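Number of protein chains: 2
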Amino acid sequence: MTQMNGAQTLIQTLCDAGVNVCFANPGTSEMHFVAALDAVPSMRAVLTLFEGVASGAADGYGRMAGKPAATLLHLGPGLANALANFHNAMRARTPIVNVVGDHATYHKKYDAPLESDVEAYAKPVSTWIRSSQSAAAVASDAADAVAAAMGPPGGIASLILPADVSWNPAERPAAPRPIKPRSTVAGAAIDAAKRALTSGHKCALLLGGSTLLAPGLIAASRIAEKTSAKLMCDTFPARLDRGAGLPNPERLAYLAEMTVMQLDGIQHLIVVDSKAPVSFFAYPGKPSYLVPEGCEVHVLAEPSEDAVAALEALGDALGAKATAPKLEAAQRPALSTGALSPESIARTIGALLPEGAVVSDEGNTAGLFVPFLTNGAPQHSWMCLTGGAIGQGMPVATGAAVACPGRKVINLQADGSAMYTAQALWTQAREQLDVTTVVFANRSYAILNMELSRVGATPPGPKALSMLDLSNPVIDFAALARSVGVAGQRVTTAEEFTRAFGAAMSESGPHLIECVI
Amino acid sequence: MTQMNGAQTLIQTLCDAGVNVCFANPGTSEMHFVAALDAVPSMRAVLTLFEGVASGAADGYGRMAGKPAATLLHLGPGLANALANFHNAMRARTPIVNVVGDHATYHKKYDAPLESDVEAYAKPVSTWIRSSQSAAAVASDAADAVAAAMGPPGGIASLILPADVSWNPAERPAAPRPIKPRSTVAGAAIDAAKRALTSGHKCALLLGGSTLLAPGLIAASRIAEKTSAKLMCDTFPARLDRGAGLPNPERLAYLAEMTVMQLDGIQHLIVVDSKAPVSFFAYPGKPSYLVPEGCEVHVLAEPSEDAVAALEALGDALGAKATAPKLEAAQRPALSTGALSPESIARTIGALLPEGAVVSDEGNTAGLFVPFLTNGAPQHSWMCLTGGAIGQGMPVATGAAVACPGRKVINLQADGSAMYTAQALWTQAREQLDVTTVVFANRSYAILNMELSRVGATPPGPKALSMLDLSNPVIDFAALARSVGVAGQRVTTAEEFTRAFGAAMSESGPHLIECVI
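Going line by line, the protein sequences match chains A and B. Be aware that the first sequence starts at 1324, since it is given in my numbering, and climbs by one per residue. Be aware that the second sequence starts at 1324, since it is given in my numbering, and climbs by one per residue.
See the structure below:
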């Protein structure tokens, strides 16, 4: 048997622990990792052209697969390019094993041009950081990284990999570590929630994180039906399963003014793997903390706890075991005709959304109608901009498509945000991923036009307005998609959109539809 | 007189200190800064579609203007997107005032989705960091930031700007701070260099940083001519002025094997605003430190010292005042014909390079011929990938064009690196900047193919090789340029390239020429 090197034991260890996809943007210091890919056939390496695509794809993969993908990044600057989408993944509590190459251990002291403090770059987003110090140790470090990424809750485990740790001889892969289970919620928390829900006061359940797949939604809906509590969920869930036959919690609005109305009169807010609502941004003279005055907040489950079991136990305590959950009825809008608008686009998507679709939603202002018009569509998964850092939509769609072959991935994409990480389209073409990107081309940072007035910075002058304007020059997204190998077309009427979207739903492979609105 | 707010005093203070260009990628927390732009007409705001373009443009601007531009970035994730090009700027010692918006001071404790430790993100690249704590203080903070950015040596001064510091009422702008001069080199360093140069041993001068414009080059060349020392400069200078009539130091090679040959036999290496050469990366069994054994290193000037004055003083001490410097003769290659290749492209560029051109060189492997074939071209400035983080070429070209109206900017651009920050093309179109991008489309990370064998990771298998391959699908750079408003064309012969490059040199405005090689 040939002697393995550090990189080979690392990759084999990842695969043995179930981490068999790596979104990679390697450089010189990662060449032994790259060379080792052929020695471990079960590792799938997906090349991206920018590190923000790799990190966002790992986020989308982890949200859908429920287990980590690996990333492979090049030194501090390569990691830096990945950080914004890692911020989103951190907020989404997505498990990711983030492998970052570094200079050889003995080379760092020479302060070569790419020398940097990789740990300092990793720190703001990582739940676990380790710089592997020898080829003998790297397999064990990798096994620890997988376990750390799994949490609970999930997070980014950053494994820094000096070049000589990759290339030096090593012994063997390490065995997978046991995955730590979520801890059980204390009876006191369940009792407190029960007391609130049976107090006769107006109550709401606020769901987040792990509770937004069918088991949690059904358990929560039984409670809500039994007690007349309002059923709500986070503004930007990492993954929300929804559609006909599933409970449909009311999502907290992005606009604080609307959140305040949604929570008006609530006397007990029961928070389940979520947190008490705060405003996304601060605005002069407006509150940051959005829980109504006098409303009591009860934490039923923290993110590291077994929130679904807690909901089930609470339901049992309330005698809701046999209560029927409130399920969304099957219902679709009619196909749109006439002018293209955010609403007409949403109607057509609602009419045609396939069963099992995965939606990567970075539609921002223009995409707001789509959730409402897909409430009764066949069951599907919805992924939001959980951390608020734009440039997530295309990469997350890319990773979700790798995680879910056989499911259609639909990326609702605002145009301003699309320009952050459009390199993802190339990876979609290379891997022939089944992603349909719908670009809402309103040619502006529309949300900032709204925010400019919300922050009280009025009246804006021409220089200020020009900072929000994407029409000079107009970006031809269909041509941009074609330039990197993705079938792209521009549509200007609802009928054209219906034809284009319908065709994309009936064929496999990447498509981009630029909707001029 | 209307009361000013914090943002207005900040922008006015920057302008009063000569910082009157801002590369901006604002979000909600920066809306008062944006609104304040109209109150200060002398500030030019340049919108970019990705923060890595803003930071790279500020780098290109600062290298050419010798004074800072400002950036305007959105919270920790926006800063994160800017970090790779800030790494390059840090290595280039470019002065930059990096303004990063943050949540309102009182909002940070709520841990809203975009909450992050902005200082932690800023730390790896900043020479100075301050989070402004009140609208009354921000003008003074901004004046300090400009002075900190100017150094010496130059660096990135990160001013964190909470939203309420922008919007609250303030008093007045702050006066510019005095700029600290470079310190004078001690006589002992000059004496030591003189002793080495008159020892009869084989000597070399290694120039970097501030010495690579005409005054430093001429002073250094006089010394070299007087003493027969070899005249060399850094591998990737931040800015090297060159061409007919200027001394032409030999650049250290990227490949360590070649650097070793260049330094072979040198007994005294006199380092001037540079450092003793080290290998860019580590390679198994090869040295990291490239100074020959037994060679003595003498530091004539540190980056914060007045290296040009030190060279002049050393020249005087050597009696070289009247020595003629060795100047490059005017000489151009003939226009190329026939097949398109890295060399034929370089010949045509050498034949047509206009006087005063500014070259942003991220040509990597394919661009290697261009420096050699422009040695005798009319005088021009050359900017390299000083920090090694790819994705710099287009943004730096963008900023240089803003800094140098009337000079043609030519961006030598490798295709792999081009995909990092191609959003810069949109800003070039919007501002109608006079940038001609020459894409060397070899459809691979060619440098990594070379590095894969240099690190000894052979023979590579098909999975490894596919990680370096950009041909599946082929990227149509000409179409990509057109999709964001830049005149793009693809050429496949030397004659086509000559026509396209000649046309671009004779017209103003942005062009992209994709050279299929």
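The beta carbon of each residue, even a glycine, is placed where N, CA and C say it ideally should be. The structure presented is a predicted model; accordingly, all values stated were derived computationally and were not measured.
Nearest residue (CA-CA) to residue i, options the options
i          : options                                        : result
B/Ala-1854 : B/Glu-1774, B/His-1426, B/Gly-1638, B/Pro-1499 : In the structure displayed, chain B extends from 1324 to 1840; residue 1854 of chain B sits before or after that span and is not available.
A/Pro-1304 : A/Ser-1776, A/Leu-1333, A/Glu-1818             : Nothing about residue 1304 of chain A can be reported from this structure: the residues present for chain A run from 1324 to 1840 only.
B/Thr-1308 : B/Ala-1657, B/Val-1758, B/Asp-1738             : With chain B covering 1324 to 1840 only, the question about residue 1308 of chain B has no answer from this structure.
A/Leu-1675 : A/Ala-1787, A/Ala-1817, A/Met-1828, A/Glu-1635 : A/Met-1828
B/Gln-1326 : B/Val-1344, B/Glu-1353, B/Leu-1536, B/Ala-1362 : B/Ala-1362
A/Thr-1364 : A/Asp-1339, A/Ala-1547, A/Val-1376, A/Ala-1700 : Residue 1364 of chain A is actually Pro in this sequence, not Thr. Nearest option by C-alpha distance: A/Asp-1339.
A/Ser-1602 : B/Glu-1438, B/Leu-1578, B/Ala-1392             : B/Glu-1438
B/Glu-1819 : B/Thr-1671, B/Gln-1736, B/Ala-1415, B/Gly-1389 : B/Thr-1671
A/Ala-1486 : A/Tyr-1606, A/Ala-1358, A/Pro-1447, A/Ser-1794 : A/Ala-1358
B/Thr-1521 : B/Ala-1640, B/Tyr-1606, B/Ala-1826, B/Asn-1795 : B/Ala-1640
A/Leu-1484 : A/Gly-1474, A/Ala-1427, A/Gln-1654, A/Asn-1343 : A/Ala-1427
B/Gly-1383 : B/Leu-1771, B/Pro-1656, B/Val-1758, B/Ala-1826 : B/Val-1758
A/Ser-1506 : A/Pro-1833, A/Ala-1633, A/Leu-1395, A/Met-1773 : A/Ala-1633
With 16 other Cβ atoms within 10 Å as the buried cut-off, status of residue i
i          : result
A/Asn-1328 : buried
A/Phe-1695 : exposed
A/Asp-1587 : exposed
A/Asp-1434 : exposed
B/Lys-1549 : buried
B/Leu-1821 : The amino acid occupying residue 1821 of chain B in the given sequence is Thr; Leu does not appear at that position. When all chains shown are included, B/Thr-1821 counts as buried.
A/Ser-1659 : buried
A/Tyr-1429 : exposed
B/Gln-1736 : buried
A/Ser-1597 : buried
A/Thr-1371 : buried
B/Ser-1704 : buried
B/Ser-1740 : buried
A/Ala-1552 : buried
B/Asp-1464 : buried
A/Gly-1523 : exposed
Whole-angstrom C-beta distance between residue j and residue i, which should lie under 8 Å
i          : j          : result
A/Ala-1470 : A/Lys-1503 : 7 Å
A/Ala-1380 : A/Thr-1721 : 5 Å
B/Asn-1408 : B/Gly-1714 : 7 Å
B/Cys-1727 : B/Met-1387 : 5 Å
B/Gly-1510 : B/Pro-1418 : Their Cβ separation, rounded to whole angstroms, is 29 Å, which puts B/Gly-1510 and B/Pro-1418 out of contact at 8 Å.
A/Met-1413 : A/Gly-1710 : 7 Å
A/Gly-1699 : A/Ala-1567 : 5 Å
A/Ala-1377 : A/Asn-1348 : 5 Å
A/Val-1631 : A/Pro-1560 : Between A/Pro-1560 and A/Val-1631 the Cβ distance is about 15 Å, and since that is not below 8 Å, they are no contact.
A/Arg-1562 : A/Leu-1535 : 6 Å
A/Ala-1745 : A/Met-1717 : 6 Å
B/Ser-1264 : B/Asp-1425 : Only positions 1324 to 1840 of chain B appear in this structure, which leaves residue 1264 of chain B out of reach.
A/Gly-1350 : B/Leu-1771 : 7 Å
Residues near residue i in its chain [Cβ-Cβ closer than 6 Å; skip 5 each side]
i          : result
B/Tyr-1444 : Gly-1399, Leu-1402, Ala-1403
A/His-1355 : Ala-1330, Ser-1489, Trp-1490
A/Ala-1817 : Ser-1659, Thr-1660, Gly-1661, Leu-1663, Ser-1667
B/Thr-1697 : Gly-1673, Leu-1676
B/Arg-1545 : Gly-1638, Ala-1643, Thr-1646, Pro-1648
B/Arg-1813 : Ala-1801, Glu-1837
B/Ala-1636 : Ile-1513
A/Ala-1712 : Ala-1407, His-1410, Asn-1411
B/Val-1778 : Tyr-1606
B/Pro-1475 : Arg-1505, Ser-1627
Close-in-space but distant-in-sequence residues of the same chain around residue i (CB under 8 Å, 5 per side omitted)
i          : result
A/Gln-1702 : Asp-1564, Arg-1565, Gly-1566, Ala-1567, Gly-1568, Leu-1569, Glu-1678, Gly-1679
### Task
Assess, as a yes-or-no matter, whether the stretch 1726-1746 of chain A is touched by the stretch 1679-1699 of chain A under the definition of 3 or more beta carbon pairs within less than 8 Å.
yes
### Query
Can we say the stretch 1548-1556 of chain A touches the stretch 1565-1581 of chain A, given the rule of at least three CB pairs closer than 8 Å?
Counting C-beta pairs with one atom in each stretch, the stretch 1548-1556 of chain A and the stretch 1565-1581 of chain A have three or more that are closer than 8 Å, which means they touch.
### Query
Using 8 Å as the threshold, is the stretch 1661-1674 of chain A in touch with the stretch 1823-1839 of chain A, meaning 3 or more CB pairs across them?
yes
### Message
If contact is defined by three or more beta carbon pairs under 8 Å, each pair taking one atom from either stretch, is the stretch 1804-1813 of chain B in contact with the stretch 1745-1765 of chain B?
### Response
yes
### Three-pair Cβ contact test at 8 Å for the stretch 1330-1345 of chain A versus the stretch 1488-1498 of chain A
At 8 Å Cβ cutoff, the stretches touch.
### Message
Within 8 Å, do at least three Cβ pairs link the stretch 1620-1639 of chain A to the stretch 1782-1790 of chain A?
### Response
no
### Task
Could you say if the stretch 1588-1602 of chain A and the stretch 1756-1772 of chain A meet the contact criterion of at least three C-beta pairs nearer than 8 Å?
no
### Query
What are the residues of the stretch 1745-1760 of chain A that lie near chain D, defined by any Cβ-Cβ distance shorter than 9 Å?
Reference to chain D is not applicable here, since the protein chains of this structure are A and B.
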